[in-house]
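In our numbering, the protein residues as written are -1 to 508.
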Ligand code: NAD
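Structure below.
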């Protein structure tokens, strides 16, 4: 059994040059355990000074690390993967404690993150270039991929370990160095991961950690030594990151928010669809960019589905996730976010939707100060209502009934987002039309959360993504590297090539 990790800090430190350092920041905010509302740590709000120290360390480490043979870089990742596996339980429990996911959800998210490390372990095969001999007479041509330099990652609260893992394993095995700024609501998982990276043998300065919010992010976006920025978070901030970092000359990938539609055809397998919808809408308390938040039953599907779904959702056990137990759903991230979601529920009622299941009265007896909200379902919602158009990011499923698949597809065409969408049907024809026509970048067919595994990119569309090359998969390799093309001609080569092997010309050249 691995020993417990040693990091027991209550005030989060920065990792710079593989050393834990105090922030020079003046401002600190509380990190709370959302199950109980208690403060479990303080996080500094780093400004340009702290960020500059981290970026300088990353810059200094870059020449050596980028020249380290690619197989040796991969070997650090193999070690890191094994450490993540042996410390997976501790990491999952930290995720549950600071974020509020159930332990099962946290374990699954850590495993999804480990898969990205598995992908990154294959970097010697993934980073290869292309070459061809004799593109012109005696002229050979090749491309090779070079790392960029210092890359920055800015991540949201909803997957404290997994979303950062989408980024830095690939960036650093490509030969870059990295500065991570995790969400100020969930910094503790990143502290544990830093220790594992050090234990894995990652040289000083290759991976650095800073904390904070806007001031810290702005310093990263405009730092002249930062070459590329990966962002995951809300659409408003994603757009800001994209425009600000691109204007400062950086490569940017910025994934934003979502409103994912789940279309249910009358021929869908109802039992399985109810389970898939419940998991999609209420899993991780709805705090997932791939959560199904808008159900669109077509024709008779509504009658068959809704009473079963409401019944099943109302039986979900909501409870603490920081202690052993097996709730189906945990709390929301903060008191402020809980109040925002409740406000949106109130707005839905005012706009005329029918509140079929109201989670606002949910109480968890053993945790009266936790940020809990029960599963909530609106029926008879109409396009234009805020609960139809806006991302709520809580356990709220809105139902818009339509008569035809074409109507469901038209509803998606008007969405500002375009992350994911799913159809539930037994009809290949309906599935094919949906797959081809729906206005979203990630499609599920009888799958509630079509979030791609590490080997495929996270292909959000519209306001769910700003940039070109997406996060994860082979696109991530392209994002974290730049190509160099070399053309070669050796004078006299043509003569040597055309000469027979026993020709004196050839012999004189070998
Ligand atoms: P957020 O946008 O509030 O914060 C994300 C990051 O940006 C944090 O690190 C935060 O400190 C920083 N930040 C916040 N405000 C900023 C500002 N004004 N300027 C600069 N930086 C700022 O998002 P969140 O609430 O942490 O996460 C939830 C959001 O993330 C949801 O919208 C969700 O859909 C989205 N998300 C998207 C994906 C995806 O792949 N598309 C995945 C996970 C989460």
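Just so it is clear, CB atoms sit at the ideal spot from N, CA and C, and this is done for glycine as well.
Taking the beta strand (DSSP E) that residue i falls in, what are its first and last residues?
{"i": "residue 141", "result": "137 to 145"}
{"i": "residue 449", "result": "Here residue 449 belongs to no beta strand (DSSP E), and DSSP marks it neither H nor E."}
{"i": "residue 40", "result": "37 to 42"}
{"i": "residue 12", "result": "12 to 14"}
{"i": "residue 465", "result": "463 to 465"}
{"i": "residue 30", "result": "26 to 30"}
{"i": "residue 228", "result": "224 to 230"}
{"i": "residue 253", "result": "249 to 253"}
{"i": "residue 17", "result": "17 to 19"}
Within 10 angstroms of the Cβ of residue i, are there 16 or more other Cβ atoms? Answer buried if so, exposed if not.
{"i": "residue 488", "result": "exposed"}
{"i": "residue 286", "result": "buried"}
{"i": "residue 45", "result": "buried"}
{"i": "residue 251", "result": "buried"}
{"i": "residue 249", "result": "buried"}
{"i": "residue 453", "result": "exposed"}
{"i": "residue 130", "result": "exposed"}
{"i": "residue 174", "result": "buried"}
{"i": "residue 424", "result": "exposed"}
{"i": "residue 284", "result": "buried"}
{"i": "residue 43", "result": "buried"}
{"i": "residue 153", "result": "buried"}
{"i": "residue 298", "result": "exposed"}
{"i": "residue 247", "result": "exposed"}
{"i": "residue 347", "result": "exposed"}
{"i": "residue 4", "result": "Its pLDDT being 43, under 50, residue 4 is placed unreliably by the model, and the measurement read from it follows with that caveat. Answer is exposed; the Cβ neighbour count stays below 16."}
Have a look at the DSSP bridge pairing and note the partners of residue i.
{"i": "residue 480", "result": "144"}
{"i": "residue 377", "result": "352"}
{"i": "residue 295", "result": "262"}
{"i": "residue 485", "result": "139"}
{"i": "residue 179", "result": "152"}
{"i": "residue 129", "result": "140"}
{"i": "residue 8", "result": "Per DSSP, none; premise fails for residue 8."}
{"i": "residue 159", "result": "Answer is none; residue 159 lacks a bridge partner."}
{"i": "residue 394", "result": "374"}
{"i": "residue 134", "result": "137"}
I'd like the span of the alpha helix (DSSP H) that includes residue i, first residue to last.
{"i": "residue 237", "result": "233 to 245"}
{"i": "residue 401", "result": "No alpha helix (DSSP H) holds residue 401; DSSP gives it neither H nor E."}
{"i": "residue 191", "result": "186 to 197"}
{"i": "residue 174", "result": "Unbroken run through residue 174: none, as it is neither H nor E."}
{"i": "residue 109", "result": "101 to 119"}
{"i": "residue 204", "result": "That residue, residue 204, is in no alpha helix (DSSP H); it is neither H nor E in DSSP."}
{"i": "residue 362", "result": "Taken as a continuous stretch (DSSP letters only), residue 362 belongs to no alpha helix (DSSP H), as it is neither H nor E."}
{"i": "residue 552", "result": "As displayed, the chain neither begins before -1 nor continues past 508, which places residue 552 out of reach and without an answer."}
{"i": "residue 213", "result": "212 to 220"}
* Please specify which runs of the beta strand (DSSP E), each continuous and at least 3 residues long, are wholly inside the stretch 411 to 445, giving them in chain order. => 418 to 422, 440 to 443
* To do: Answer yes if the stretch 153 to 160 comes into contact with the stretch 214 to 225, meaning at least three C-beta pairs across the two stretches below 8 Å, and no otherwise.
  => no
* Determine, using beta-carbon pairs with one atom in the stretch 308 to 322 and one in the stretch 76 to 90, whether at least three such pairs fall under 8 Å. => no
* Three or more beta-carbon pairs under 8 Å between the stretch 404 to 419 and the stretch 255 to 268, yes or no? -> yes
* **Minimum length 3: unbroken beta strand (DSSP E) runs contained in the stretch 37 to 85** => 37 to 42
* Return the chain-ordered ranges of every alpha helix (DSSP H) run that is complete within the stretch 273 to 338 and spans a minimum of 4 residues. => 299 to 312
* Would you be able to state if there are at least three C-beta pairs under 8 Å between the stretch 207 to 217 and the stretch 128 to 138? => no
* Any 3 or more C-beta pairs closer than 8 Å across the stretch 232 to 249 and the stretch 269 to 277 -> no
* **Any 3 or more C-beta pairs closer than 8 Å across the stretch 19 to 27 and the stretch 160 to 177** => no
* **Stretch-stretch touch, CB-based, cutoff 8 Å, three pairs: the stretch 391 to 409 with the stretch 343 to 362** => yes
* the stretch 436 to 444 in contact with the stretch 455 to 462 per 3-pair CB rule at 8 Å -> A contact between stretches requires three or more CB pairs, one per stretch, nearer than 8 Å, and the stretch 436 to 444 meets this requirement with the stretch 455 to 462.
* Asked: Does the stretch 51 to 66 come close enough to the stretch 188 to 197 to have 3 or more Cβ pairs within less than 8 Å?
  -> no
* Asked: Any chance the stretch 32 to 47 sits against the stretch 319 to 337, with 3 or more Cβ pairs inside 8 Å?
  -> yes
* Is the stretch 373 to 391 touching the stretch 348 to 363, taking contact as three or more C-beta pairs under 8 Å? -> yes
* Asked: If we count Cβ pairs, one from each stretch, closer than 8 Å, do we get three or more for the stretch 64 to 74 versus the stretch 237 to 248?
  -> no
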